[in-house]
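S.K.: Got a structure for you, questions after.
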Amino acid sequence: MPRATMRRLALLLSGIGLAGAAAVGVGLATDVLTPQTAAIVVAEAVIITGVAVGLFGIKRVDRRVREELSQTRTELAAQHKRLKAQLDQLGSTLTLGLAAADGVRAAVAEDRVEMLSRLAHTSEVLARFDEGFSARVARQADALELARQELQRIGSRVENVAADLTDLPAQIMVPVDEALKAASARQTRLGNRLYAKLEARAELASLVRPRVPIPPLGGWALDADVMYFIMRAVWDRRPELIVECGSGTSTLWLGYLAERLGVGSVVALEHDDRYLDTSRELVRSHGLEKIVEVRHGPLQPWTDPADDDGHTYRWYSADVLEGLTGIGLLLVDGPPAAAGPQARYPAGPLLIPRCRDDALIILDDADRTEEKTLSDRWMAAFPELERTLFAHGSAHIFQRSVDQRM
Ligand SMILES: C[S@@+](CC[C@H](N)C(=O)[O-])C[C@H]1O[C@@H](n2cnc3c(N)ncnc32)[C@H](O)[C@@H]1O
128 MPRATMRRLA LLLSGIGLAG AAAVGVGLAT DVLTPQTAAI VVAEAVIITG
178 VAVGLFGIKR VDRRVREELS QTRTELAAQH KRLKAQLDQL GSTLTLGLAA
228 ADGVRAAVAE DRVEMLSRLA HTSEVLARFD EGFSARVARQ ADALELARQE
278 LQRIGSRVEN VAADLTDLPA QIMVPVDEAL KAASARQTRL GNRLYAKLEA
328 RAELASLVRP RVPIPPLGGW ALDADVMYFI MRAVWDRRPE LIVECGSGTS
378 TLWLGYLAER LGVGSVVALE HDDRYLDTSR ELVRSHGLEK IVEVRHGPLQ
428 PWTDPADDDG HTYRWYSADV LEGLTGIGLL LVDGPPAAAG PQARYPAGPL
478 LIPRCRDDAL IILDDADRTE EKTLSDRWMA AFPELERTLF AHGSAHIFQR
528 SVDQRM
């Protein structure tokens, strides 16, 4: 039923109820109505009024419901608005999220593609490496196998050689063995010689004391052991005349000893202008000029009249021989080998006859072929000579003994 109709109906019913109540009041007051009738009328009026009140109550409830409904609608509208706003926000957040997710998905997809491509590349590289490595390993294995086979072949060859060596005839092994022994003996000799030279050099200082530094022995000069041997011979024999072919350090030592003994003099023959000056200056600086004479004898051709082959030597000029008689000790240490073959040979025929009968003659550098040969020739030409080797043959010592041999 429409609301306006209901309102009108309620007003009508209220009016009827009130009119009924008023009529009952009037009826009772006027005794028109009996109590029973009045009661019925009142009941009807109460019912009508109740209905009217009920209709009014419904109307009020309806209004309140309407208001509440309106309020609820308003709230719902506001809520709807809020929810819509939230939904919108959620929507845009979702949109952003989806966009981001899309981006991430795309990036992941890209990465995945990239990774897959790298993986494929790596697999390819690995496959190639594996292939190369396997090939290399195979090649090395082949090479090793070849090397092993080669080693085996060498091993069997070595075994064969070892067997051959064991069977080598003695005529091959013996010379090798002898050569080794000779080399070892040579080393021993050199060691002994070195010791002898050092000892001799120390002993020289016990015989004489040079006043100023003296040039060293060895090298171009006499070795110390040969020098000391000659000094001992001079010490024992006290020769009046010492003649030396080739001046140098030995000239000074001999001069000092002659000075100390107070007997004899030294004549040194020198072919070289330069060393003539050097030796003379040394003699002067050592204060030995009264005892030592360095004679200049340029090399000149000389032929031995006793020799049939007419070989010409280059030896000191003949004037150096002047006054040289009664030589007690002759040292032949010049001219140098560069002067020609057997350059020192003429000292034999030219000086030995000028020596005392018991003279001592020393030929240095006698371990050289040329000197060995001329030493033998002297021995053949002068039977009064007795030869001994000194300092492992580097010096030949000749003892002249004219009385016994002639
Ligand atoms: C074998 S050397 C020996 C000289 C001397 N008997 C000696 O033992 O000191 C022979 C020649 O060497 C030369 N000589 C001299 N003094 C020298 C020196 N200081 N350096 C290089 N040669 C020298 C001289 O011409 C000499 O005749």
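Under my numbering, the very last position in the sequence shown is 533; numbers go up by exactly one each time.
Positions of the beta carbon are idealized from the N, C-alpha and C atoms, including for glycine.
Measure the alpha-carbon distance for Q206 versus V235 and round it to whole angstroms.
M.R.: 41 Å
S.K.: Tell me where the alpha helix (DSSP H) around A360 begins and ends.
M.R.: A351 to R364
S.K.: Using 8 Å as the cut-off, can you tell me whether the region 350-359 makes contact with the region 326-341, which would need three or more C-beta pairs spanning the two stretches below that distance?
M.R.: yes
S.K.: Once DSSP output is grouped into helix, strand and coil, what is the label at W347?
M.R.: coil
S.K.: Between L349 and ligand 1, is there a pair consisting of the residue's CB and a ligand heavy atom that are separated by less than 6 Å?
M.R.: yes
S.K.: Just checking G461 against ligand 1 - is the residue's beta carbon closer than 6 Å to any of the ligand's heavy atoms?
M.R.: yes
S.K.: Counting C-beta neighbours from all protein chains within 10 Å, is the total for Q279 16 or more, i.e. buried, or is it exposed?
M.R.: exposed
S.K.: If I measure Cβ to Cβ from E397 and keep anything under 8 Å in the same chain, skipping five residues before and after, which residues do I get?
M.R.: G373, S374, L403, S406, V421, R422, H423, G424 and G461
S.K.: Taking the CB atoms as reference points, tell me whether G475 and W505 lie closer together than 7 Å.
M.R.: yes
S.K.: Rounded to whole angstroms, what's the CA-CA distance from I299 to L271? Just pull it up for me.
M.R.: C-alpha separation (whole angstroms): 38 Å.
S.K.: The alpha helix (DSSP H) with E408 in it runs from where to where?
M.R.: D400 to S412
S.K.: Tell me whether S392 sits in a helix, a strand or coil according to DSSP, three-state version.
M.R.: strand
S.K.: Cβ of H519 within 7 Å of Cβ of A493?
M.R.: Not a contact, by the Cβ cut-off of 7 Å.
S.K.: What did DSSP end up calling Y472 once you bin it into helix, strand or coil?
M.R.: coil
S.K.: Just to confirm, are I369 and L478 a CB contact at a threshold of 7 Å?
M.R.: no
S.K.: Here's the rule I'm using: 16 or more other beta-carbon atoms within 10 Å means buried, otherwise exposed. How should F525 be labelled?
M.R.: buried
S.K.: Start and end of the alpha helix (DSSP H) containing T161?
M.R.: Here T161 belongs to no alpha helix (DSSP H), and DSSP marks it neither H nor E.
S.K.: Sorted by chain position, which residues of the same chain lie with C-beta nearer than 7 Å to T452's C-beta, five sequence neighbours on each side aside?
M.R.: R481
S.K.: With respect to the alpha helix (DSSP H) encompassing R504, which residues constitute its N-terminal and C-terminal limits?
M.R.: T496 to A508
S.K.: Nearer than 6 Å: is that true of the beta carbon of G467 relative to any heavy atom of ligand 3?
M.R.: Ligands in the displayed structure: ligand 1; ligand 3 is not one of them.
S.K.: Is the region 302-320 touching the region 333-344 in the sense that three or more CB pairs, one from each, lie closer than 8 Å?
M.R.: Judged by Cβ distances under 8 Å, the region 333-344 makes no contact with the region 302-320, as fewer than three pairs qualify.
S.K.: Taking the alpha carbon of K324 as the point to measure from, which residue in L349, K308 and T496 has its own alpha carbon closest?
M.R.: L349
S.K.: Would you call the region 332-340 in contact with the region 301-310, where contact means no fewer than 3 C-beta pairs closer than 8 Å?
M.R.: no
S.K.: Is P428 helix, strand or coil when you go by DSSP?
M.R.: strand
S.K.: Are the CB atoms of L512 and R527 within a distance shorter than 7 Å?
M.R.: yes
S.K.: For a test of the three-state rule: what should DSSP assign to A486, helix, strand or coil?
M.R.: strand
S.K.: For S444, tell me which candidate among D291, W429 and L221 has the shortest Cα-Cα distance.
M.R.: When each option's Cα is compared against that of S444, the closest is W429.
S.K.: Roughly how many angstroms lie between the CA atoms of M533 and H413, to the nearest whole one?
M.R.: With a pLDDT of only 46 at M533, under the threshold of 50, the placement of this residue in the model should not be trusted, and no figure is reported.
S.K.: Checking the sheet assignment: what are the DSSP bridge partners for A522?
M.R.: A522 pairs with D491 and F517.
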